[in-house]
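My numbering numbers the first residue of the sequence shown as 33 and each following residue consecutively.
From the three backbone atoms N, C-alpha and C, an ideal C-beta is built for every residue, glycine too.
Heads up, the thing below is written out as structure tokens.
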Amino acid sequence: MLKILYLIYQIFIGFPIFLVLTILTALLTIIGCTIGNGHFWGYYPGKIWSQLTCFIFLLPVKVTGKENIQNQTSYVFVANHQGAFDIFLIYGFLGRNFKWMMKKSLRNLPFVGRACKSAGHIFVDKSGPRKIHETIEGARKVLQNGTSLVVFPEGARTFTGHMGIFRKGAFQLADELQLPVVPLTIEGPFNVLPRTGKLLSWHPLKLTIHQPIYPQCKGIENQKTLMEESYKVIEKGLSPQYQGMVTNPDQ
Numbered sequence: 033m034l035k036i037l038y039l040i041y042q043i044f045i046g047f048p049i050f051l052v053l054t055i056l057t058a059l060l061t062i063i064g065c066t067i068g069n070g071h072f073w074g075y076y077p078g079k080i081w082s083q084l085t086c087f088i089f090l091l092p093v094k095v096t097g098k099e100n101i102q103n104q105t106s107y108v109f110v111a112n113h114q115g116a117f118d119i120f121l122i123y124g125f126l127g128r129n130f131k132w133m134m135k136k137s138l139r140n141l142p143f144v145g146r147a148c149k150s151a152g153h154i155f156v157d158k159s160g161p162r163k164i165h166e167t168i169e170g171a172r173k174v175l176q177n178g179t180s181l182v183v184f185p186e187g188a189r190t191f192t193g194h195m196g197i198f199r200k201g202a203f204q205l206a207d208e209l210q211l212p213v214v215p216l217t218i219e220g221p222f223n224v225l226p227r228t229g230k231l232l233s234w235h236p237l238k239l240t241i242h243q244p245i246y247p248q249c250k251g252i253e254n255q256k257t258l259m260e261e262s263y264k265v266i267e268k269g270l271s272p273q274y275q276g277m278v279t280n281p282d283q
């Protein structure tokens, strides 16, 4: 009975409010970044939108480990990618001003794509060496004055709830700029809305912020260490049912 009530609620109340909020947030971000402080308007409207989204859909959120990160320090945050609600969990509750590193295809989303561009989020273009270099340079400019970067190293949402393989781009960037990597374990979004799902299921959301992993040297060995240690830490933070690597078909 509760599942049916939640289904009715999200269709007739949750989703209509979410759609209006999304459009308003996108417009506010675009206008604010155009005429005002992009550092502020590129972050706070999205943060509030994400918090309200979790509230509207009645999803409780638990965050642990905020004491592990310091203000005015730039980090490269890396997280497992369980589902669409990863975005709301991190954006709303990480508590740090950051930019996303995201697929360039998201630029084409109505309203949202334009808002992301205005906010200064980084679209990854792998079409050639020149475009890859431009992506890295864009990230380099972002990672200043305490602003951080959030990356999903898997590159795509999981089909199973398990982690897939990590791509090395985020760790190469952290190595080049000699920045600490902070692993984030996300759990719950796969149960709320898996990649193949259409409607939401009620489930708590949890974000675990682990201790930073600092560079020990510079080069391929450091990149490998950052990637392997991040993977181990994130996986260990998952419930046993989601531990163990399962490669995604689109990886």
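Tell me whether residue i sits in a helix, a strand or coil according to DSSP, three-state version.
i, result
"residue 180", "strand"
"residue 85", "helix"
"residue 156", "strand"
"residue 247", "coil"
"residue 230", "coil"
"residue 109", "strand"
"residue 168", "helix"
"residue 130", "strand"
"residue 236", "coil"
"residue 185", "coil"
"residue 122", "helix"
"residue 214", "strand"
Leaving out five residues on either side along the sequence, give the residues of the same chain with a beta carbon under 6 Å from the beta carbon of residue i.
i, result
"residue 261", "245"
"residue 2", "Beyond the ends of the chain as shown, which are 33 and 283, falls residue 2; an answer cannot be given."
"residue 266", "112, 215 and 217"
Looking only at its chain, what residues have a beta carbon closer than 7 Å to the beta carbon of residue i, apart from the 5 residues adjacent to it on each side?
i, result
"residue 232", "42, 89, 224 and 225"
"residue 211", "106, 107, 108 and 175"
"residue 145", "138 and 139"
Following the continuous beta strand (DSSP E) through residue i, name the residue where it begins and the one where it ends.
i, result
"residue 224", "Run containing residue 224: none in the beta strand (DSSP E); it sits in the alpha helix (DSSP H), 221 to 224."
"residue 149", "Segment 144 to 151 is the alpha helix (DSSP H) holding residue 149; no beta strand (DSSP E) there."
"residue 94", "93 to 96"
Within 10 Å of its beta-carbon, does residue i have 16 or more other beta-carbons around it, so buried, or fewer, so exposed?
i, result
"residue 253", "exposed"
"residue 69", "exposed"
"residue 185", "buried"
"residue 148", "buried"
Measure how close the beta-carbons of residue i and residue j come, nearest whole angstrom, since I'm counting them as under 8 Å.
i, j, result
"residue 171", "residue 133", "7 Å"
Quick one: give me the first and last residue of the alpha helix (DSSP H) that residue i is part of.
i, result
"residue 57", "47 to 67"
"residue 265", "252 to 268"
"residue 72", "70 to 73"
"residue 203", "201 to 209"
Measuring only between beta-carbons, confirm whether residue i sits less than 8 Å from chain D.
i, result
"residue 241", "Note that chain D does not occur in the displayed structure, where there is just one protein chain."
Using a Cβ-Cβ cutoff of less than 8 Å, which residues in the same chain neighbour residue i once the five nearest sequence positions on both sides are dropped?
i, result
"residue 273", "193"
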